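Student: Sharing a structure, written as structure tokens. Questions coming.
In the working numbering, the protein residues as written are 85 to 354.
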């Protein structure tokens with residue numbers, strides 16, 4: 085359906101390789117027009133499209149390093165600068181889902197522990213100023229503080245009620261009602277309590293193979309699903325959650341008024 089409407093969605097790893105190659109070529113002095121042409125060709129496989137959509141959740145950073153000492157994804161400005169260089173004037177819009185940091189940070193750990201099981205949750209958040217994290221700062225840095233790069237954003241918490249709006253904005257598809265959703269919950273996976281217990285278990289009972297780890301992972305997923313919530317009072321106190329949530333709501337008010345930022349919201353019927 086997307087292809088018939090002139091929309092190209094390359095695989096994330098394919099797009100990542102193409103951009104990495106283009107960035108390396110720019111750094112070695114290859115003319116930008118030549119780099120841009122090769123990049124578009126690699127993304128579209130030499131087919132003509134009116135829009136190329138790159139979906140890569142890790143483009144801002146990794147699951148196990150979502151925050152620096154003060155910021156979400158400290159390297160985003162560098163990443164965007166490189167992307168703009170290789171696109172050489174081609175129109176670009178950033179799409180970002182924003183999530184309450186009080187659940188976003190634990191959720192990153194719960195997903196990332198599958199790849200870095202030796203890292204404790206305390207180590208994961210040790211250097212971060214949790215109460216100082218603001219998505220508005222991330223957006224400013226993504227725009228490189230010039231506000232001439234358009235951004236479309238939405239609340240993760242609203243996504244289940246407006247996923248068609250997000251998909252339509254992202255792809256430019258004409259009839260959003262033709263889109264079909266997956267039955268998988270948006271926030272499936274391991275709870276914070278489960279992730280912390282799995283880390284402790286692995287310290288005492290290390291596994292030797294990836295297959296053993298995957299089997300253990302499935303067992304913890306089943307016993308400690310994220311549907312039970314992220315809070316673990318010992319590691320994530322209620323007052324911290326409340327403070328971060330209040331900061332998030334205040335920050336959203338500011339984001340809605342940022343230059344060149346479009347905030348998608350679910351339709352309301354009063």
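From the three backbone atoms N, C-alpha and C, an ideal C-beta is built for every residue, glycine too.
Bear in mind the structure is a predicted one, so any value in this text is a computation, not a measurement.
1) Leaving out five residues before and five after residue 101 in sequence, what residues of the same chain have Cβ atoms less than 7 Å from its Cβ?
2) Short of 8 Å in beta carbon distance, which residues of its chain neighbour residue 354, apart from the five on each side in sequence? Order them along the chain.
3) Report buried or exposed for residue 213, applying the criterion of at least 16 other Cβ atoms within 10 angstroms of its Cβ.
4) Going by Cα to Cα distance, which pick from 136, 274, 161 and 247 is closest to residue 237?
5) Return the bridge partner residues of residue 179 from the DSSP annotation.
6) Tell me the rounded alpha-carbon separation between residue 338 and residue 147.
7) State the Cα-Cα distance for the pair residue 97 and residue 286, rounded to the nearest angstrom.
8) For residue 347, which residues does DSSP report across the bridge?
9) By the three-class DSSP mapping on this structure, what secondary structure does residue 336 have?
10) Please report the Cβ distance between residue 310 and residue 275, rounded to the nearest whole angstrom; I am assuming they are in contact, meaning their Cβ atoms lie under 8 Å.
11) Does the segment 175-193 come close enough to the segment 327-337 that 3 or more CB-CB pairs lie under 8 Å?
12) Per DSSP, what are the beta-bridge partners of residue 136 in this structure?
13) Drop a sphere of 10 angstroms on the beta-carbon of residue 139, count the other beta-carbons inside from all chains shown, and report buried for 16 or more, exposed for fewer.
14) Taking only three categories from DSSP, how would you classify residue 308?
15) Do residue 151 and residue 93 come within 8 Å of each other at the CB atom, strictly closer than that value?
16) Between the C-alpha atoms of residue 378 and residue 86, what's the straight-line distance to the nearest angstrom?
17) Going by beta carbon distance, what residues of the same chain come within less than 7 Å of residue 219, once the five residues before and after it are set aside?
Tutor: Let me spell this out:
1) none
2) With a pLDDT of 45 at residue 354, under the threshold of 50, the predicted position of this residue should be treated as unreliable, and no value is reported.
3) exposed
4) 247
5) 236
6) Rounded to whole angstroms, residue 338 to residue 147 spans 26 Å at the Cα level.
7) For residue 97 and residue 286, the distance between alpha carbons rounds to 30 Å.
8) 237
9) helix
10) Rounded, the Cβ-Cβ distance is 5 Å, consistent with contact.
11) yes
12) Beta-bridge partners assigned by DSSP to residue 136: 92.
13) Exposed, by the Cβ-count rule.
14) coil
15) no
16) It is not possible to answer for residue 378, since the shown part of the chain is limited to 85 through 354.
17) Within the same chain, residue 219 has close Cβ partners 156, 182, 335 and 339.
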